[in-house]
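*Asks:*
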Amino acid sequence: NNFTFMMGYYAANTIVNIKGLDITGASYANYIASYSSTITDVTISGVTIGNSGSLRAMTPMSSNIQNITLDNFTIGTDVEISGMKSPALTNFSGDVFTANAVASVNRGFIGSTLLDLDISDWNVSALTDCTYLMYGTSFSTVNYDKMLIAWQAKPHMPNGPFHAGTAKYSPGAPSAAKASLEADGWTF
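Numbers 6 to 193, taken from the numbering used here, label the letters of the sequence shown in order.
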């Protein structure tokens, strides 16, 4: 059982609010709030995702989403949560990445040009793929510095790819943290 085009396919709603979704028996749930130019707010809470499951491509082609909240998730191992993107996205909140060990956020916020997100408090203990996570965003030097220092100090998987597009980090402690992550096989 897989779910595709769960909500918002050409929807006329401005708010998508999904609570208590259990996709434990599914490999993936795709396109939760997609292909709608009217949706501005997406809240997904109380979701259960089984081992090797994924919640991906959540907001592709939804050009007006400004706020995304992902809260109270229960996840298994090797889980992917990706595709939270919109050119209008300015706010992402929720505990999905701080309270859970997500394995992949590949292309997480790609192209969200207005977004500058502090991801330093994320649980990265199982993160193996964050390719293009902040690519094409307004990821500031301040938040890049905080992320490098925090992630280097936390338990983390080796060999993680990370691409923040044109974002820059500072010399000193952030540069040393990046070098330490690179010594663990990370690529930037």
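Glycine included, each C-beta is placed from N, C-alpha and C at the ideal position. These figures come from a predicted structure and were not determined experimentally.
Is it right to say residue 59 is buried, meaning 16 or more other beta carbons lie within 10 angstroms of its own, or is it exposed?
*Replies:* Label assigned to residue 59: buried.
*Asks:* What number of angstroms, rounded off, separates the C-alpha of residue 109 from the C-alpha of residue 93?
*Replies:* Near 23 Å, if we compare the C-alpha coordinates of residue 93 and residue 109.
*Asks:* Could you have a look at residue 1 and say whether DSSP puts it in helix, strand or coil?
*Replies:* Coverage of the chain is limited to positions 6 through 193, which leaves residue 1 absent and any answer about it impossible.
*Asks:* With respect to the alpha helix (DSSP H) encompassing residue 175, which residues constitute its N-terminal and C-terminal limits?
*Replies:* Looking at the DSSP string, residue 175 is not in any alpha helix (DSSP H), and its letter there is neither H nor E.
*Asks:* Can you name, in chain order, every residue of its own chain whose Cβ lies under 6 Å from the Cβ of residue 73, other than the five neighbours on each side?
*Replies:* So the qualifying residues of the chain are 47, 89 and 97.
*Asks:* Whole angstroms are fine: how far does the CA of residue 176 sit from the CA of residue 28?
*Replies:* Going by the C-alpha atoms only, they are around 44 Å apart.
*Asks:* My parser needs the alpha helix (DSSP H) runs of 4 or more residues fully inside the segment 104–181; what are they?
*Replies:* The segment 104–181 contains these whole alpha helix (DSSP H) runs: 146–158.
*Asks:* If you draw a straight line from the alpha carbon of residue 166 to that of residue 49, how long is it in whole angstroms?
*Replies:* Distance between the alpha carbons of residue 166 and residue 49 is about 27 Å.
*Asks:* Residue 143 and residue 119 look like a contact to me (Cβ under 8 Å); what is the Cβ gap, rounded to whole Å?
*Replies:* Contact flag correct, Cβ pair sits at about 6 Å.
*Asks:* Looking at residue 72 and the ligand NAP, is the gap between the Cβ and the nearest heavy atom below 7 Å?
*Replies:* Summarising the ligand content, the structure contains no ligands, and the ligand NAP is consequently not present.
*Asks:* Residue 187: buried (16+ other C-beta within 10 angstroms of its C-beta) or exposed?
*Replies:* By the 10 Å Cβ count, residue 187 comes out exposed.
*Asks:* From the DSSP output, in three-state form, read off residue 42 for me.
*Replies:* Three-state result, residue 42: coil.
*Asks:* What did DSSP end up calling residue 78 once you bin it into helix, strand or coil?
*Replies:* The answer is coil: DSSP assigns residue 78 none of H, G, I, E or B.
*Asks:* Expressed to the nearest angstrom, what Euclidean distance is found between the alpha-carbon atoms of residue 24 and residue 33?
*Replies:* So the two alpha carbons sit approximately 17 Å from each other.
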